[in-house]
Amino acid sequence: MREVPPLPEPEPVDPTAAPGLSRKVDETFGPDGALAGSLPSFEARDGQREMAISIAEAFEEGGVLLAEAGTGTGKTLAYLVPAILSQHRVLVSTGTKQLQDQIYYKDLPALREALRIAFTATYMKGRSNYLCLHRFDEYKSGATLLPTGSEAFLDTIAKWARETDTGDRSEIEDLPDDLPFWGDISATSDNCIGSDCPQHQECFITRMRQRAAESDLVIVNHHLLCADAAVRQSAYGEVIPSCVHAVIDEAHQLEDVATQYFGVSVSTRRLERVVGDGRRSVEQDLAPEPPGAPRGTDTDNQQTIQAALDRVEQRSTRFFAAVTQHLPTADRTRLNPTLLAPVSEAGLTLASTLRGLEAAIQLAPELTEDLRAIAKRSAELADQLDFVLAASDDDYVYFLERRGRGLFLRASPVDVSTIIRELLLERMETTVLTSATLAVNGSFDYQRSRLGIRDAMEVCLPSEFDFASQTVLYLPSEMPEPREAGFTTAATNEIHRLLETTAGRAFVLFTSYANLREVHQQLAILTRFPLLVQGTAPRSVLLRDFRTTPHAVLLATSSFWQGVDVAGDTLSCVIIDKLPFAAPSDPITAARLEAITRHGGSPFDEYQVPLAILTLLQGLGRLIRHRQDRGVLSILDPRVNTKDYGRRFLDALPPSPVVQNVEAVSRFLDEAGVD
3 MREVPPLPEP EPVDPTAAPG LSRKVDETFG PDGALAGSLP SFEARDGQRE
53 MAISIAEAFE EGGVLLAEAG TGTGKTLAYL VPAILSQHRV LVSTGTKQLQ
103 DQIYYKDLPA LREALRIAFT ATYMKGRSNY LCLHRFDEYK SGATLLPTGS
153 EAFLDTIAKW ARETDTGDRS EIEDLPDDLP FWGDISATSD NCIGSDCPQH
203 QECFITRMRQ RAAESDLVIV NHHLLCADAA VRQSAYGEVI PSCVHAVIDE
253 AHQLEDVATQ YFGVSVSTRR LERVVGDGRR SVEQDLAPEP PGAPRGTDTD
303 NQQTIQAALD RVEQRSTRFF AAVTQHLPTA DRTRLNPTLL APVSEAGLTL
353 ASTLRGLEAA IQLAPELTED LRAIAKRSAE LADQLDFVLA ASDDDYVYFL
403 ERRGRGLFLR ASPVDVSTII RELLLERMET TVLTSATLAV NGSFDYQRSR
453 LGIRDAMEVC LPSEFDFASQ TVLYLPSEMP EPREAGFTTA ATNEIHRLLE
503 TTAGRAFVLF TSYANLREVH QQLAILTRFP LLVQGTAPRS VLLRDFRTTP
553 HAVLLATSSF WQGVDVAGDT LSCVIIDKLP FAAPSDPITA ARLEAITRHG
603 GSPFDEYQVP LAILTLLQGL GRLIRHRQDR GVLSILDPRV NTKDYGRRFL
653 DALPPSPVVQ NVEAVSRFLD EAGVD
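Each residue of the sequence shown is one higher than the one before, starting from 3 at the first, in the working numbering.
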């Protein structure tokens, strides 16, 4: 089990912003400052210092700051130091849990020593990461038929629950990510009964929120940030305490994450959990009288609610069977009233049955809070199902998503800019949005429009790395267009030639699984280097194997384009198969393109190209992570040279020398000393 180090009690601090914050930050990052004197690996960087001062000024003046900091700037310290020295409570939201880990376990302890300032911090994850003590007790008492192999995990969790201070499942190192019953015992907002819970004071969510409310820094990720904002109207969903100063790192991800959380979703999983939770609550809260006792109200209520739950289960099965039979089989299918017509009757019947379950529960006298929560969830599901089946709100895009055996009917907002502005930005006195990829060709206009930003300060800092000497950009001189039949074969041959030159040690990043599969089939015959393929193992395992396997080659798609850090000669080449335009067939992309067209804009110039440029920069950014790194960047798509818009991509790329033959790549590697 992972030990969570306790943080020391803070010394009393002035709750108002310290005067002269910008000056203090400037001194701290100087060659004779606190960081240089205490952090062994610290080196004064002009870009980092400028960014930190800009953030300090934002904390002093208020408002929104857009800060692009190229790779190597050291942006994490550049925002943490002003946040600590400001003496405000600051919310820090990151793109990934990995970055949360780095901040909490590495950066903050180092800064506590360097700055000699006592401060507290709370690490907050999404609610589903935490054990619900109340639900766990109920589950144990009724867990007679556990999934095969789960009994040992139940005992492990029970022992851990008595010892843990946080309730964070990551403390149990051997707990499977897909543990079948974790969803039944986790502290999700759907299940929470708030202050009426018999274990409210002992609750890990309650205690985490209390710690956060007393902390100087609150470390979250974008998923929790948006989920929390989306349920803020609920009495029990909100976990992040009130903060009026925020830093949003990896801010280029914010629009996509917000799109997930400010819509609605009706799924097989949600229906199954309502029925399962309902049955457990009925069995435990409305237990029948013992044998021989006169028949009572509780028995009648139990049977009535159980019958209503049975009907929900039956009609849910019937509805999703109709969805499987009548709707297209693609992974993501855009929906409209015409497409939904064959399943609408079964769906509306299910919605009516859910309301019947709510009514059956409400009729029971002396309802427990657990049953009230089931009634509330049933009513919400019914309303959301009606909304999705109507598919009539032009502000939303409706689609069916198939993931494994799960079916998800979704309605997502087409434009989240107003939502982000009203629920996130306007609630803050200061918001710093930062990333290595925010500006497109030096302009923040794209992010301003997508995130609803009106007035903002801006700072755009180049990378600290010398791409002219650390990299070379290989653009093959003869490649077919991506839509031509021979593209995949030509791409495979180029990849094979590059791998022979770099001795493997490469990421090959694809824009689709279809291209990945085709190239993998062909490359497996040609190459002598070990191939690691996305989908064959969890992401963390693939990265571990890549780092430890000599000359490995990783073939991957979107999830490896960002948030991956492999330093040194282990990674010497990053190859991109195609310019990463969002597929216009994707429901959300299609709806956004249509919305821009309706407003008289150019969807290609205003949305598709800027988004593709930022995605490309993220992918290529996997290569150079330190000043000592050397390597090859390659884009196999000829459109960067043959299309007018290609110049926008080339102008946005780091200043790497461009070569068009593999021999030049080999010479660069020899001169750079890459073995």
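For every residue, glycine included, the Cβ atom is placed at its ideal position computed from N, Cα and C.
In chain order, which continuous runs of the alpha helix (DSSP H) of length 4 or greater are located wholly inside the stretch 419 to 489? Within the stretch 419 to 489, the complete alpha helix (DSSP H) segments at least 4 residues long are 419 to 425, 447 to 453 and 469 to 472, listed from N- to C-terminus.
I want to know whether the stretch 468 to 480 touches the stretch 534 to 552 - three or more CB-CB distances under 8 angstroms. No: fewer than three Cβ pairs fall under 8 angstroms.
Give the DSSP-derived three-state secondary structure of residue 228 in the structure shown. Residue 228 sits at position 226 when you count from the first residue of the sequence shown. Here residue 228 carries a helix assignment [DSSP, helix/strand/coil].
So, is residue 69 buried or exposed, given that buried needs 16 or more other C-beta atoms within 10 angstroms? For the purposes of this step, residue 69 is taken as residue 67 along the sequence shown, with counting starting at 1. It is buried - the Cβ of residue 69 has at least 16 other Cβ atoms within 10 Å.
Rounded separation between residue 437 and residue 71 - CA only: Within the sequence shown, residue 437 is the residue found at index 435, counting from 1. Within the sequence shown, residue 71 is the residue found at index 69, counting from 1. Taken atom to atom, the span from the alpha-carbon of residue 437 to that of residue 71 is near 6 angstroms.
Which residue or residues does DSSP assign as beta-bridge partners of residue 578? Mapped onto the sequence shown, residue 578 falls at position 576. In the DSSP assignment, the residues bridged to residue 578 are 511 and 637.
Suppose the cutoff is 8 angstroms on Cβ atoms and the five residues either side in sequence are ignored; what does the same chain contact list for residue 96 look like? As a first step, residue 96 must be located in the sequence shown, where it is residue number 94. 102, 105, 221, 222, 223, 224, 251 and 252, listed in sequence order.
Please tell me whether residue 553 and residue 528 are closer than 8 angstroms, where the distance is taken between their beta carbons. Numbered from its first residue, the sequence shown carries residue 553 at position 551. Numbered from its first residue, the sequence shown carries residue 528 at position 526. For residue 553 and residue 528, no; Cβs fall outside 8 angstroms.
If I measure Cβ to Cβ from residue 377 and keep anything under 7 angstroms in the same chain, skipping five residues before and after, which residues do I get? Looking up residue 377 in the sequence shown gives position 375. So the list reads 360, 363 and 364, once near-sequence residues are dropped.
Rounded separation between residue 176 and residue 121 - CA only: On the sequence shown, residue 176 is found 174 positions in, with the first residue counted as 1. On the sequence shown, residue 121 is found 119 positions in, with the first residue counted as 1. Between the C-alpha atoms of residue 176 and residue 121 there is a straight-line separation of about 32 angstroms.
Does the stretch 590 to 605 come within contact of the stretch 616 to 624, defined as at least 3 CB pairs closer than 8 angstroms? No, the stretch 590 to 605 does not touch the stretch 616 to 624.
Range of the contiguous beta strand (DSSP E) that encloses residue 408: Along the sequence shown, read from residue 1 onward, the residue named residue 408 stands at position 406. 408 to 415 is the span of the beta strand (DSSP E), which, as asked, contains residue 408.
Out of curiosity, what's the CA-to-CA distance linking residue 123 and residue 111? In the sequence shown, residue 123 corresponds to position 121, counting from 1. In the sequence shown, residue 111 corresponds to position 109, counting from 1. Between the alpha carbons of residue 123 and residue 111 lies a distance of about 10 angstroms.
For residue 505 and residue 229, the rounded distance between their alpha carbons: One-based indexing of the sequence shown puts residue 229 at position 227. One-based indexing of the sequence shown puts residue 505 at position 503. Their Cα atoms are separated by approximately 44 angstroms.
Quick check on this structure: which residue in 206, 49 and 275 has the alpha carbon closest to the alpha carbon of residue 126? Within the sequence shown, numbered from 1, the residue matching residue 126 stands at position 124. The candidate whose alpha carbon is nearest that of residue 126 is 206.
One or two residues paired with residue 335 in a DSSP bridge: Here residue 335 refers to the residue found at position 333 of the sequence shown. Answer is 402.
Any idea if residue 585 is buried or exposed, counting beta-carbon neighbours within 10 angstroms, 16 or more meaning buried? What you label residue 585 is simply residue 583 of the sequence shown in a count that begins at 1. With fewer than 16 Cβ atoms within 10 Å of its Cβ, residue 585 is classed as exposed.
Let me make sure I understand the geometry here. Which of 465, 571 and 537 has the alpha-carbon closest to that of residue 550? Sequence index remark: in the sequence shown, residue 550 carries index 548 (1-based). Of 465, 571 and 537, the residue nearest in Cα terms is 571.
Beta-carbon within less than 7 angstroms of residue 2's beta-carbon, same chain only, minus the 5 sequence neighbours each way: which residues are those? One cannot answer for residue 2 here, as it falls past the ends of the chain, which runs 3 to 677.
Where does residue 663 land, buried or exposed, given buried means 16+ other C-beta within 10 angstroms? To locate residue 663, count along the sequence shown from 1; it is residue 661. Exposed, by the Cβ-count rule.
Does DSSP put residue 55 in a helix, a strand or coil? On the sequence shown, residue 55 is found 53 positions in, with the first residue counted as 1. In the three-state reduction of the DSSP assignment, residue 55 falls in the helix class.
For residue 95, report the span of its beta strand (DSSP E) as first-last. What you label residue 95 is simply residue 93 of the sequence shown in a count that begins at 1. Unbroken beta strand (DSSP E) run through residue 95: 92 to 96.
Run the CB neighbour count on residue 649, radius 10 Å, all protein chains shown included, and call it buried at 16 or more, exposed below. Translated into positions along the sequence shown, residue 649 becomes position 647. By the 10 Å Cβ count, residue 649 comes out exposed.
Under 8 angstroms, with one C-beta from each stretch per pair, do the stretch 329 to 339 and the stretch 298 to 313 reach the 3-pair mark? Fewer than three Cβ pairs drawn from the stretch 329 to 339 and the stretch 298 to 313 lie within less than 8 angstroms of each other, which leaves the two stretches out of contact.
Where residue 366 falls, given that 16 or more other Cβ within 10 Å makes a residue buried: Looking up residue 366 in the sequence shown gives position 364. Around the beta carbon of residue 366, 16 or more other beta carbons sit within 10 angstroms, so the residue counts as buried.
Can residue 662 be considered in contact with the ligand NAD, in the sense that its beta carbon sits closer than 7 angstroms to one or more heavy atoms? In the structure shown, the ligand NAD is absent, as is every other ligand, since no ligand is present at all.
If you follow the alpha helix (DSSP H) that residue 654 is in, where does it begin and where does it stop? For the purposes of this step, residue 654 is taken as the residue at position 652 of the sequence shown. Per DSSP, residue 654 belongs to the alpha helix (DSSP H) from 648 to 654.
Between residue 275 and residue 185, is the Cβ-Cβ spacing less than 8 angstroms? The residue you call residue 275 lines up with position 273 of the sequence shown. The residue you call residue 185 lines up with position 183 of the sequence shown. Contact flag set, yes.
Which of helix, strand or coil DSSP assigns to residue 131: Residue 131 sits at position 129 when you count from the first residue of the sequence shown. If DSSP states are grouped into helix, strand and coil, residue 131 belongs with the helices.
Given a threshold of 16 other Cβ atoms within 10 Å of its Cβ, counted over all protein chains shown, does residue 393 qualify as buried or as exposed? Locating residue 393 in the sequence shown gives position 391, counting from the first residue. Residue 393 is classed as buried because its beta carbon has at least 16 other beta carbons within 10 Å across all chains shown.
Terminal residues of the alpha helix (DSSP H) in which residue 615 lies: The residue given as residue 615 occupies position 613 in the sequence shown. Element bounds for residue 615: 611 to 622.
What's the call for residue 283, buried or exposed, on a 16-neighbour Cβ count within 10 Å? The count along the sequence shown starts at 1 and reaches residue 283 at position 281. The residue in question, residue 283, is buried, as its Cβ has 16 or more Cβ neighbours within 10 Å.
Same chain only: Cβ atoms within 8 angstroms of residue 547, ignoring 5 sequence neighbours per side: One-based indexing of the sequence shown puts residue 547 at position 545. Only 534, 539 and 554 meet the Cβ criterion.
Whole angstroms are fine: how far does the CA of residue 566 sit from the CA of residue 507? The residue labelled residue 507 in the question sits at position 505 within the sequence shown. The residue labelled residue 566 in the question sits at position 564 within the sequence shown. Rounded to the nearest angstrom, the two C-alpha atoms are 15 angstroms apart.
I'd like to know whether the C-beta atoms of residue 353 and residue 384 end up nearer to each other than 8 angstroms. In the sequence shown, the residue the question calls residue 353 occupies position 351. In the sequence shown, the residue the question calls residue 384 occupies position 382. Taking the C-beta atoms as reference points, residue 384 is found nearer than 8 angstroms to residue 353.
Sorted by chain position, which residues of the same chain lie with C-beta nearer than 6 angstroms to residue 583's C-beta, five sequence neighbours on each side aside? Counting from 1 along the sequence shown, the entry for residue 583 is found at position 581. So the qualifying residues of the chain are 610 and 614.
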